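Engineer: Please read through the structure below; I'll follow up with questions.
Numbering (the numbering used here), first residue to last: 16 to 279.
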């Protein structure tokens with residue numbers, strides 16, 4: 016129990032350290048020099064562009080199914096005036112941001128974290144005692160390898176979340192009112208009542224914290240030298256699973272906090 020507690024506390028402390036290092040890199044001019052700017056731009060494109068089109072299509076199909084279910088159910092119970100509000104609250108405020116965060120994590124940042132961890136373990140195993148094994152210096156690796164991947168994961172959450180939310184709002188209007196402009200006054204009035212300043216702020220903060228969790232947690236443990244970890248065998252066997260559980264726990268806490276802010 017003592018060893019498990021030490022490992023757990025150390026992992027969270029290193030996560031906080033890594034978050035501070037990445038955020039400091041974001042405000043450092045050297046991170047945006049020409050050599051590193053190309054790496055950053057490449058990672059942003061690789062994390063966002065291949066997933067944007069087909070994730071938007073998938074989100075649109077799922078949204079259409081849920082919108083139709085909610086609308087038909089509301090009409091059958093005589094609650095048609097609440098259908099629009101239910102759809103917007105369920106999809107735009109809750110399901111879309113959560114789905115985007117999990118998708119980007121499973122698609123981009125978790126594989127990147129496992130890849131970095133395997134590279135460091137392989138380098139530590141093949142290097143002679145007392146040497147660095149050709150590994151990049153920590154500060155240089157943070158700027159050239161980890162910062163572009165973390166920033167790309169955060170940007171992908173923001174971009175996919177924004178596109179999916181706007182697309183869902185458009186589909187909601189088309190399903191409920193059809194291809195007519197006469198429903199715009201009532202639609203914009205209801206949506207404007209839902210997105211009051213507090214709800215809009217909570218949505219923006221939730222997406223921002225989701226992006227931080229997705230971009231930072233899978234890469235944090237990969238940044239530190241696994242050879243110096245006394246539990247390296249455990250690290251080798253459970254690295255990806257431990258990061259996944261930790262990230263899902265943080266996302267769940269953020270979601271619970273947003274629900275409390277919106278409905279309590």
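Built from N, CA and C at the ideal position, the CB exists for glycine as well. Quick caveat: nothing in here was measured; it's all calculated off a predicted structure.
Please confirm whether residue 222 and residue 276 have their CB atoms less than 8 Å apart.
Structural biologist: Position 207 of the chain shown, counting from 1, holds the residue named residue 222. Position 261 of the chain shown, counting from 1, holds the residue named residue 276. Not a contact, by the Cβ cut-off of 8 Å.
Engineer: Write down the C-beta distance between residue 163 and residue 48 rounded to the nearest angstrom, noting that I regard them as a contact closer than 8 Å.
Structural biologist: The residue given as residue 163 occupies position 148 in the chain shown. The residue given as residue 48 occupies position 33 in the chain shown. Not a contact, Cβ separation roughly 13 Å.
Engineer: Could you spell out the range, first to last residue, of the alpha helix (DSSP H) harbouring residue 31?
Structural biologist: Numbered from its first residue, the chain shown carries residue 31 at position 16. Element bounds for residue 31: 17 to 41.
Engineer: Excluding five sequence neighbours on each side, which residues of the same chain lie with their C-beta closer than 6 Å to the C-beta of residue 202?
Structural biologist: Here residue 202 corresponds to residue number 187 of the chain shown, with the count starting at 1. Around residue 202: 188.
Engineer: Helix or strand or just coil, what does DSSP make of residue 279?
Structural biologist: Residue mapping note: residue 279 aligns to position 264 of the chain shown, counting from 1. In this structure, residue 279 counts as coil in the three-state DSSP scheme.
Engineer: If we count the other Cβ atoms within 10 Å of its Cβ and call it buried at 16 or more, is residue 196 buried or exposed?
Structural biologist: Translated into the one-based positions of the chain shown, residue 196 becomes position 181. With fewer than 16 other Cβ atoms within 10 Å, it is exposed.
Engineer: Would you call the CB atoms of residue 26 and residue 213 closer than 8 Å?
Structural biologist: For the purposes of this step, residue 26 is taken as the residue at position 11 of the chain shown. For the purposes of this step, residue 213 is taken as the residue at position 198 of the chain shown. No, the Cβ-Cβ distance between residue 26 and residue 213 is not below 8 Å.
Engineer: What are the start and end residues of the alpha helix (DSSP H) that includes residue 224?
Structural biologist: Working through the chain shown from its first residue, we reach residue 224 at position 209. Element bounds for residue 224: 212 to 238.
Engineer: How many Å lie between residue 293 and residue 166 at the Cα?
Structural biologist: No answer is possible for residue 293: it lies beyond the span of the chain, which begins at 16 and ends at 279.
Engineer: Are the CB atoms of residue 182 and residue 71 within a distance shorter than 8 Å?
Structural biologist: Walking along the chain shown from the start, residue 71 turns up at place 56. Walking along the chain shown from the start, residue 182 turns up at place 167. In contact: residue 71 and residue 182 (Cβ atoms closer than 8 Å).
Engineer: Mind checking whether residue 62 and residue 233 have CB atoms under 8 Å apart?
Structural biologist: Within the chain shown, residue 62 is the residue found at index 47, counting from 1. Within the chain shown, residue 233 is the residue found at index 218, counting from 1. Taking 8 Å as the Cβ cut-off, residue 62 and residue 233 do not qualify as a contacting pair.
Engineer: For residue 180, which residues of its own chain have a beta-carbon under 7 Å away from its beta-carbon, when the five flanking residues on both sides are left out?
Structural biologist: To locate residue 180, count along the chain shown from 1; it is residue 165. Once the five neighbours on either side are set aside, the close Cβ partners of residue 180 are 107 and 111.
Engineer: Report the residue ranges of all alpha helix (DSSP H) runs contained in full by the segment 183 to 214; include only those spanning at least 4 residues, in chain order.
Structural biologist: Here the runs fully enclosed are 199 to 209.
Engineer: The ligand ATP heavy atoms versus the CB of residue 71: any closer than 7 Å?
Structural biologist: The ligand ATP is not part of the structure shown, which contains no ligands of any sort.
Engineer: What's the C-alpha gap between residue 262 and residue 228?
Structural biologist: Here residue 262 corresponds to residue number 247 of the chain shown, with the count starting at 1. Here residue 228 corresponds to residue number 213 of the chain shown, with the count starting at 1. Looking at the two C-alpha atoms, the distance is approximately 6 Å.
Engineer: What is the DSSP secondary structure of residue 96, counted as helix, strand or coil?
Structural biologist: In the chain shown, the residue the question calls residue 96 occupies position 81. The answer is helix: DSSP assigns residue 96 an H, G or I state.
Engineer: What does the Cβ neighbour count give for residue 40, buried or exposed, with the cut at 16 atoms within 10 Å?
Structural biologist: Sequence index remark: in the chain shown, residue 40 carries index 25 (1-based). Buried.
Engineer: What residue range does the alpha helix (DSSP H) around residue 328 cover?
Structural biologist: With the chain represented from 16 up to 279, any question about residue 328 goes unanswered, as that position is not in the structure.
Engineer: Go ahead and label residue 42 buried or exposed: buried means 16 or more other beta carbons lie within 10 angstroms of its beta carbon, across all protein chains shown.
Structural biologist: Start at 1 with the first residue of the chain shown, and residue 42 comes out as number 27. Exposed: under 16 other Cβ atoms inside 10 Å.
Engineer: Quick one: give me the first and last residue of the alpha helix (DSSP H) that residue 78 is part of.
Structural biologist: To locate residue 78, count along the chain shown from 1; it is residue 63. Run containing residue 78: 49 to 91, per the alpha helix (DSSP H) assignment.
Engineer: Roughly how many whole angstroms lie between the Cα atoms of residue 191 and residue 86?
Structural biologist: Looking up residue 191 in the chain shown gives position 176. Looking up residue 86 in the chain shown gives position 71. C-alpha separation (whole angstroms): 8 Å.
Engineer: Kindly list the residues whose CB is nearer than 7 Å to the CB of residue 243, restricted to its own chain and excluding five residues on each side of it in sequence; keep chain order.
Structural biologist: Locating residue 243 in the chain shown gives position 228, counting from the first residue. Note that residue 243 scores 44 on pLDDT, short of 50, meaning its location in the model is unreliable and no value can be drawn from it.
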